[in-house]
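Residue numbers (full-length UniProt numbering): 1 to 277.
Glycine included, each C-beta is placed from N, C-alpha and C at the ideal position.
Worksheet for the structure shown next.
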Amino acid sequence: VVVVAARASGKATAHAYADVGAGALWVEVLEECLKAGLAPLSWTDYLYLTVGGTLSNAGISGQAFKHGPQISNVLQLQVVTGSGEIVTCSRTKTPDLFFAVLGGLGQFGIITRARILLQEAPPKVRWVRAFYDSFETFTKDQELLISMPEQVDYVEGFMVLNEHSIHSSSIAFPARIDFSPDFGSEGKKKVVELVSGKMSHMRPHIYSVGVSYFDFLNRVRMEEESLRSLGLWDVPHPWLNMFVPRHGIRQLKDLLMDTVLAGDFQGAILVYPLLTD
Numbered sequence: 001v002v003v004v005a006a007r008a009s010g011k012a013t014a015h016a017y018a019d020v021g022a023g024a025l026w027v028e029v030l031e032e033c034l035k036a037g038l039a040p041l042s043w044t045d046y047l048y049l050t051v052g053g054t055l056s057n058a059g060i061s062g063q064a065f066k067h068g069p070q071i072s073n074v075l076q077l078q079v080v081t082g083s084g085e086i087v088t089c090s091r092t093k094t095p096d097l098f099f100a101v102l103g104g105l106g107q108f109g110i111i112t113r114a115r116i117l118l119q120e121a122p123p124k125v126r127w128v129r130a131f132y133d134s135f136e137t138f139t140k141d142q143e144l145l146i147s148m149p150e151q152v153d154y155v156e157g158f159m160v161l162n163e164h165s166i167h168s169s170s171i172a173f174p175a176r177i178d179f180s181p182d183f184g185s186e187g188k189k190k191v192v193e194l195v196s197g198k199m200s201h202m203r204p205h206i207y208s209v210g211v212s213y214f215d216f217l218n219r220v221r222m223e224e225e226s227l228r229s230l231g232l233w234d235v236p237h238p239w240l241n242m243f244v245p246r247h248g249i250r251q252l253k254d255l256l257m258d259t260v261l262a263g264d265f266q267g268a269i270l271v272y273p274l275l276t277d
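Rendered as structure tokens:
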């Protein structure tokens, strides 16, 4: 991982980027970039995936509403084509190949290197959890939050069907995370109060902690270690991702409730709100 950052008055400019081999793990990219006070804009929840792997798919998580998926934050690629040619491509240089390979599932070439856009990384974040007893209210608040990109950086939701899905969807903050109870200025705390004041969650049930940026992004690793200790990480766990239009989200929820046996289901149902433009 090679991090390049032009700086003005001690701050990185918009031209900061990381040149990364496709076999590097995203957690390795994060660790190297944080040494320069920088980080990529968009992430997956699990960081122990390769750069080439997620860029061949999409790379979607809770930042996608604000920055787009990972494939929207790539400046340049090195690609091996089906004929064995090594090609460097970008939005302006061989753009057809560039856009075909990003999210192309390896059908148009194999990514061997990527230049990833970077931004200033916050040292800490405020991590807020709110609870709902109405799916309609939950989705309305998700729409509200993604309409506030200046105040909100990450939005993710969970559907809880039973006590098993509570554990698998990380409702509790990880016990071993490095909490920072004194995190944040009064201004940042007021932002949290302002945002939560506009939401319609169950009022007694909102919780927040201050954690390091690394610990927040790497939070699923702690769940992995817990599952490994129980011998459950390597068991088969089928996973389905789908894009659902706004007008169909309630029907999907009803379908899930009608077809998934709540007492038997032990998986996570994650809901990421996205913008269409």
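Selection from the options that minimises the alpha carbon distance to residue i
i           : options            : result
residue 267 : 84, 275, 236       : 236
residue 83  : 89, 95, 98, 110    : 110
residue 85  : 108, 74, 75, 131   : 108
residue 192 : 125, 71, 32        : 125
residue 208 : 277, 16, 127       : 127
residue 200 : 221, 122, 141, 244 : 141
residue 202 : 119, 219, 132      : 132
residue 57  : 204, 231, 103      : 103
residue 39  : 120, 146, 76       : 120
residue 105 : 28, 130, 53, 221   : 53
residue 146 : 61, 35, 87, 205    : 61
residue 34  : 129, 229, 4, 245   : 4
residue 218 : 247, 23, 29        : 29
residue 254 : 190, 134, 205, 239 : 134
residue 78  : 118, 230, 23, 252  : 23
residue 251 : 238, 136, 88       : 136
residue 36  : 88, 118, 55, 99    : 118
Cβ-heavy atom distance, residue i to the ligand SAM, below 8 angstroms
i          : result
residue 58 : With respect to the ligand SAM, the structure offers nothing, as it holds no ligand at all.
Residue i, buried or exposed, once every other Cβ within 10 Å from all chains shown has been counted against 16
i           : result
residue 275 : exposed
residue 44  : buried
residue 97  : buried
residue 151 : exposed
residue 18  : buried
residue 92  : exposed
residue 138 : buried
residue 101 : buried
residue 16  : buried
residue 259 : exposed
residue 240 : exposed
residue 55  : buried
Other residues of its chain near residue i: CB distance less than 7 angstroms, five sequence neighbours each side excluded
i           : result
residue 143 : 273
residue 66  : 149, 153
residue 198 : 144
residue 59  : 42, 44, 69, 70, 71
residue 249 : 139
8 angstroms CB neighbourhood of residue i in its chain, flanking five on each side removed
i           : result
residue 25  : 47, 48, 49, 50, 51
residue 63  : 41, 42, 43, 153, 154
residue 233 : 224, 227
residue 194 : 151
residue 181 : With a pLDDT of only 47 at residue 181, under the threshold of 50, the placement of this residue in the model should not be trusted; the figure read from the coordinates follows. Result list for residue 181: 209, 210, in chain order.
residue 205 : 130, 131
residue 196 : 128, 130, 206
residue 32  : 1, 3, 18
Beta-carbon contacts of residue i that lie in its chain and below 6 angstroms, excluding the five residues immediately before and after
i           : result
residue 269 : 159
residue 177 : Below a pLDDT of 50, predicted positions are generally treated as unreliable, and residue 177, at 46, falls in that range; no measurement from the model is reported.
residue 76  : 90, 115
residue 257 : none
residue 244 : 252
residue 220 : 45, 46
Whole-number beta carbon distance between residue j and residue i, since they are thought to touch under 8 angstroms
i           : j           : result
residue 74  : residue 112 : Not confirmed; about 13 angstroms, so no contact.
residue 116 : residue 2   : About 11 angstroms; that fails the 8 angstroms criterion.
residue 123 : residue 213 : 6 angstroms
residue 27  : residue 157 : Not quite, the Cβ-Cβ distance comes to about 24 angstroms (not below 8 angstroms), so this is no contact.
Whole runs of the alpha helix (DSSP H) within the segment 222–275, excluding any shorter than 4 residues: 249–259
Segments of 4+ residues assigned as alpha helix (DSSP H) that fall wholly inside the segment 28–62: 51–55
Length-filtered (4 minimum) alpha helix (DSSP H) runs lying within the segment 52–124: 64–67, 95–101
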